[in-house]
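Each remark here refers to the structure printed beneath this line.
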Amino acid sequence: MQTIFVLVKCDLGQAYEVADRAVQEIEQVSEVHSVSGQYDLMMKCYLDDGADIGHFVTGHLQTLAGVKETFTIIAFKAFT
Numbered sequence: 004m005q006t007i008f009v010l011v012k013c014d015l016g017q018a019y020e021v022a023d024r025a026v027q028e029i030e031q032v033s034e035v036h037s038v039s040g041q042y043d044l045m046m047k048c049y050l051d052d053g054a055d056i057g058h059f060v061t062g063h064l065q066t067l068a069g070v071k072e073t074f075t076i077i078a079f080k081a082f083t
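According to the working numbering, numbering within the sequence shown proceeds without interruption in unit steps and concludes at 83.
Pasting the structure below:
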């Protein structure tokens, strides 16, 4: 399982709608948080091993209505 975090910049006034759509429509999205700074949302996603991260982000997240820009972070190890 691959873990990625995707920071999302939304069209003005669309952050809540984008968050709702992401959680409801994309099964790989496990959490969505509102954040401060340059981006509006941070999404935690779990992808199958070997899944193409670029295709997932460009084909699923960037095509959500209201998404303006994304920044993807690949996680390597979780410390608990």
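All residues carry an ideal CB built from backbone N, CA and C; glycine is no exception.
As the structure is a computational prediction, the values presented were derived from the model and not from experiment.
Whether residue i touches residue j by CB criterion (8 Å)
i, j, result
"V9", "T75", "yes"
"Q41", "K12", "yes"
Classification of residue i by the beta-carbon crowding that lies within 10 angstroms, buried from 16 upward
i, result
"A78", "exposed"
"D43", "buried"
"L64", "buried"
"A25", "buried"
"F82", "exposed"
For residue i, three-class secondary structure by DSSP
i, result
"F87", "Any question about residue 87 goes unanswered here, given that the chain covers just 4 to 83."
"T73", "strand"
"L67", "coil"
> So does the region 18-36 actually touch the region 46-55, counting three or more Cβ pairs closer than 8 Å?
Replying inline: Verdict: yes, contact present.
>> Report the start-end ranges of each alpha helix (DSSP H) in the region 5-40 that is 4 residues or longer and not cut off at the edges.
In response: For the region 5-40, whole alpha helix (DSSP H) runs of length 4 or above, ordered along the chain, are 18-28.
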